């Protein structure tokens, strides 16, 4: 089983829709969880951290389920500008680098 | 505030040629990383440096060498480029490897084609 797995998509949704992505991770000792956003031909950028209690930033909500070892990202009222690839990122073990999922591609259509 | 700067942005090489990708950060970060990104493969770690003076292999180190020149700079060298090394390369930095809430900051990438 890969350390971090995501549905690659693409998710094609109309403007205004609500869309959710899930990401599963294999290392139960992982402590930190993030969503990064990557626009086409650009570098990844941190979108939000994911906290145990769940957290919200405007139209974006991230949740963590430690028992089932997955994190989710919910986007409400999708905008055209939300079209991007969303990368799930998880700490591995010890002082080792973060582990990236392959990303989920979202296309918001007018 | 420049953040992470990598050069060049584009490069075309012939098989067997060598080149060095340069990366510098101005955030006083301890850790620096080199990734490659290929379609359908996601970001794969080539090498990283958790602190000045140390380097470690990542997932795909073969065919590459790195140098942590000082705290600011981390270079990636291809000694004998191969077509399989055609990719987009990203440099990144963070305050410290493996810490809780470690956040990565990326350079804008280098598109490398090896013919």
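Residue numbers (this note's numbering), protein chains in the order written: chain A, 1 to 110; chain B, 1 to 115.
For glycine and all other residues, C-beta sits at the position ideal for the given N, C-alpha and C.
These numbers were taken from a predicted model, which means no experiment stands behind them.
Per DSSP, residue 109(B) is not a residue of any beta strand (DSSP E), being assigned neither H nor E. Look at the beta carbons and you see the stretch 70–86 of chain A touching the stretch 32–43 of chain A: at least three pairs across the two are nearer than 8 Å. At a beta-carbon threshold of 7 Å, the residues of chain A lying near residue 48(B) are 97, ordered along the chain. For residue 75(B), no CB of chain A lies under 8 Å from its own CB, so it is not counted at the interface with that chain. Taking 8 Å as the cut-off, the beta carbon of residue 21(B) is found no closer than this to the beta carbon of residue 37(B).
The Cβ atoms of residue 41(B) and residue 102(A) lie closer than 8 Å to each other. With a threshold of 8 Å between beta carbons, residue 46(A) makes contact with chain B. From the beta-carbon of residue 54(A), no residue of chain B is found nearer than 9 Å; the closest lies around 16 Å away.
The Cβ atoms of residue 14(A) and residue 48(B) do not sit closer than 8 Å to each other.
Look at the stretch 43–70 of chain B and you find these whole runs of beta strand (DSSP E), each 3 residues long or longer: 64–68.
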